[in-house]
Amino acid sequence: MKYGLQTKLLLFLIASIYSGVWIYLATPYRLFPSDDSYFAEMAGHGLNAILTLKTFQPVFYGWLIFGGTAISYLTRDMNSLVVVLSVLAGSMTVWLVGSMTYRITRAKWAATIAAILYATAAWPVTYYFMASYAPLAALLFCAFLYQLIVSQDCYRRDAIGRANLSLALGGLLSVLFLWTSSSAPLGVAVALFCFLPFALNRRQLLLKKIAAFFVPFFLVNAFFVWRYGAHLLDHLHENIHTPHYQAAVEKFGSIPRSPFLSFISIGKVHAPLFFSFFILVTVFFLYTVWRRYRRQGVLTPGAALILWLQSIIWLHTPLLDLLPFTKLGRTHFILFPLTIVAIIGMSYEIARLWQTNNKFLLRRKTAGMAFAGALLVAVVLNSIGLCVDRVNHRMFTPDFYQKHLSSVDLYLLQEDPHSPFIKSYLDAFAPQIISARLFDSLARNKEREKRIALVVGPTGKNSALMSTLYFDFKKDLYLHEVYYRIPMLHNRHAILLPYYATYAPFMMEEEIMQALYLQKRAPKNETAGQNLKLFLF
1136 MKYGLQTKLL LFLIASIYSG VWIYLATPYR LFPSDDSYFA EMAGHGLNAI LTLKTFQPVF
1196 YGWLIFGGTA ISYLTRDMNS LVVVLSVLAG SMTVWLVGSM TYRITRAKWA ATIAAILYAT
1256 AAWPVTYYFM ASYAPLAALL FCAFLYQLIV SQDCYRRDAI GRANLSLALG GLLSVLFLWT
1316 SSSAPLGVAV ALFCFLPFAL NRRQLLLKKI AAFFVPFFLV NAFFVWRYGA HLLDHLHENI
1376 HTPHYQAAVE KFGSIPRSPF LSFISIGKVH APLFFSFFIL VTVFFLYTVW RRYRRQGVLT
1436 PGAALILWLQ SIIWLHTPLL DLLPFTKLGR THFILFPLTI VAIIGMSYEI ARLWQTNNKF
1496 LLRRKTAGMA FAGALLVAVV LNSIGLCVDR VNHRMFTPDF YQKHLSSVDL YLLQEDPHSP
1556 FIKSYLDAFA PQIISARLFD SLARNKEREK RIALVVGPTG KNSALMSTLY FDFKKDLYLH
1616 EVYYRIPMLH NRHAILLPYY ATYAPFMMEE EIMQALYLQK RAPKNETAGQ NLKLFLF
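In our numbering, the protein residues as written are 1136 to 1672.
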């Protein structure tokens, strides 16, 4: 018990440091132009506007009300409400990832490494720079699965009452998860289906297990269905039959779809090195466990739980691709914490099974720590670099303008199709949209009292845009027209600034752009033309 308490306190310390670092880095919140309208209203007007969420996502609504009320005693900056709550949800997920790993391995070092891997991961950070329910959905899904894991651990120790309590909490958390994400019904169904072998391992307790889980599940769910059922169907229909689909058919001739097993493709955009390790370790783990099972006919409890998590991942992934869901980035995200628990658990079990094989002289703890340590160093260094990129692409441009150009009038061009989105992004600095000819005359006016700046969006062939359906960037006409109408730009040096709309991880949150990128039909952020260009006069 003492050892478990030490682990919990260590995980709490990691989660607390995580919260402090990301609240500092991710605030103040900058409006993400591709956010849904009610999220945009929420970011702009604070708690009063989130009433629009109540009928569509009541759990997320309650989370915002509860968190907003608590945070209001500390700060009046309600614009950063979603950021702070998303980071807090992420920090609790850090704790759960470590705790799930500890429940499976009983190793403090394994739990610590799992928590650090999630704490340094770049995928969760993506949602700290946009208004999204994804961090809360991932937290509730992990909490739901954690309670199922605890219930099995209790049954192994014959603590029947405690196990039933965990199953009851799991039932309650699964309902909250169901009403947070449009793809949650699939996640709950897959998790419970894969959990059946555990539920059936003691048939004399089967009815008690079923009652413990489903009584709170049906009672709480009945209230939500009675109160919000019709609105939920509308929300599901909205997500499945998005208006973007019709526009995509008109523009591309068909609906671009992401590659099959898109969880891996999207995951490699967010964490390329980690997912390469994950696939490699999965193959080696399955081979090792299969050989052991063929010889002895039994699975260790830890290996069985890891296989359960792997079953959830590999069943949920193709089903989500086959069903007509949109925004696959955030719907797949709930699986990401499971991959971290699985990869550390697999590393531990591989080393554990090697210990019993006379061909290997490696001790379990030494082998497991060596491999997990190497994984930690390589993946964490890669993840930290990706986190820095996200901060740069989301915060560098407005921070640069605020620090160096706060007294400079900012202008955008009517001819630039990116201007409405850039205006929302830099709205705090009151940019004005004018024609190229008018700006040219303004720039030539030597009697103006202040310096002026012009921001031009990405230019060149196939320039990317988050909402790419609305414009055609296959023709390289925009750059030529701007330079023709503003001759003063011809030989003027431009300051290149990162632009979120051409950054691949953010593209994963807009279904059409995501599909085009994964099909290699959208440009990668590797050329100067994909940046914002700032001209000073």
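C-beta atoms are modelled at their ideal positions from N, C-alpha and C, and glycine is treated no differently.
As the structure is a prediction and not an experimental result, all values here were calculated from the model.
- With respect to VAL1526, LEU1160 sits close: the two C-beta atoms are nearer than 8 Å.
- With respect to PHE1409, GLU1484 sits apart: the two C-beta atoms are not nearer than 8 Å.
- LYS1668: not part of any alpha helix (DSSP H); member of the beta strand (DSSP E) spanning 1667-1671, first to last residue.
- Taking 8 Å as the cut-off, the beta carbon of ALA1326 is found no closer than this to the beta carbon of TRP1230.
- Excluding its 5 nearest sequence neighbours in each direction, LEU1545 has C-beta neighbours in its own chain below 6 Å: PHE1564, PRO1566 and ALA1588, listed in chain order.
- Spanning the alpha carbons of LEU1511 and MET1235 requires a straight line of approximately 18 Å.
- When the beta-carbon positions are compared, PRO1193 and PHE1359 come within less than 8 Å of each other.
- DSSP places ASP1551 in the coil class of the three-state scheme, outside both helix and strand.
- Contact between the segment 1512-1524 and the segment 1547-1554 is absent: fewer than three C-beta pairs spanning the two stretches fall below 8 Å.
- The alpha carbon of LYS1668 has as its nearest neighbour, out of GLU1644, LYS1143, LEU1631 and ARG1586, the alpha carbon of LEU1631.
- If you look at ALA1588, you'll find it in the beta strand (DSSP E) that goes 1587-1591.
- Take SER1397, set aside five residues on each side of it, and the residues of its chain with a beta-carbon closer than 6 Å to its own are ASP1456 and LEU1463, in chain order.
- Under the DSSP definition of a beta bridge, LEU1631 partners with LYS1668.
- Straight-line measurement puts the Cα of ILE1390 at about 45 Å from the Cα of PHE1147.
- Residues of the same chain with a CB within less than 6 Å of the CB of ALA1246, apart from the 5 flanking positions on each side, are THR1142, GLY1233, THR1236 and TYR1237 in chain order.
- Look at LEU1434 here: in three-state DSSP terms it is coil, with no helix or strand label.
- Taken atom to atom, the span from the alpha-carbon of ILE1557 to that of LEU1331 is near 50 Å.
- Beta-bridge partners assigned by DSSP to TYR1546: GLN1567 and LEU1589.
- SER1234 carries a helical assignment under DSSP once its states are collapsed to helix, strand and coil.
- By the C-beta density criterion, PHE1328 is exposed, having fewer than 16 other C-beta atoms within 10 angstroms.
- PHE1264 is positioned such that its CB atom lies closer than 8 Å to that of ARG1529.
- Within the segment 1214-1294, the alpha helix (DSSP H) runs of at least 4 residues that lie entirely inside it are, in chain order, 1216-1240, 1243-1254, 1258-1261 and 1269-1291.
- If you draw a straight line from the Cα of LEU1300 to the Cα of ILE1647, it comes to about 44 Å.
- With distances taken between CA atoms, ALA1319 lies nearest to ALA1273 out of ALA1273, LEU1283, ALA1298 and VAL1285.
- Around the C-beta of TRP1361, fewer than 16 other C-beta atoms lie within 10 Å, and the residue is accordingly described as exposed.
- Contact check for LEU1434 against HIS1451 fails: the beta carbons are separated by 8 Å or more.
- In this structure, ARG1586 sits near PHE1672, with a CB-CB distance shorter than 8 Å.
- Relative to the Cα of TRP1314, the nearest Cα in the group TYR1635, TYR1253, ILE1448 and TYR1268 belongs to TYR1268.
- The alpha-carbon of VAL1156 is positioned some 20 Å away from that of PRO1472.
- Between ILE1158 and VAL1219 the beta-carbon gap is near 6 Å, inside 8 Å, which marks them as a contact.
- Under the three-state reduction of DSSP output, PRO1407 falls in the helix class.
- Pairing ARG1392 with ALA1650 gives a Cβ-Cβ distance under 8 Å.
- Between ALA1629 and PHE1670, the C-beta spacing is below 8 Å.
- Straight-line measurement puts the Cα of MET1481 at about 28 Å from the Cα of TYR1262.
- Going by DSSP, LEU1651 is part of the alpha helix (DSSP H) stretching over 1646-1653.
- Taking 8 Å as the cut-off, the Cβ atoms of ALA1257 and LEU1521 count as close.
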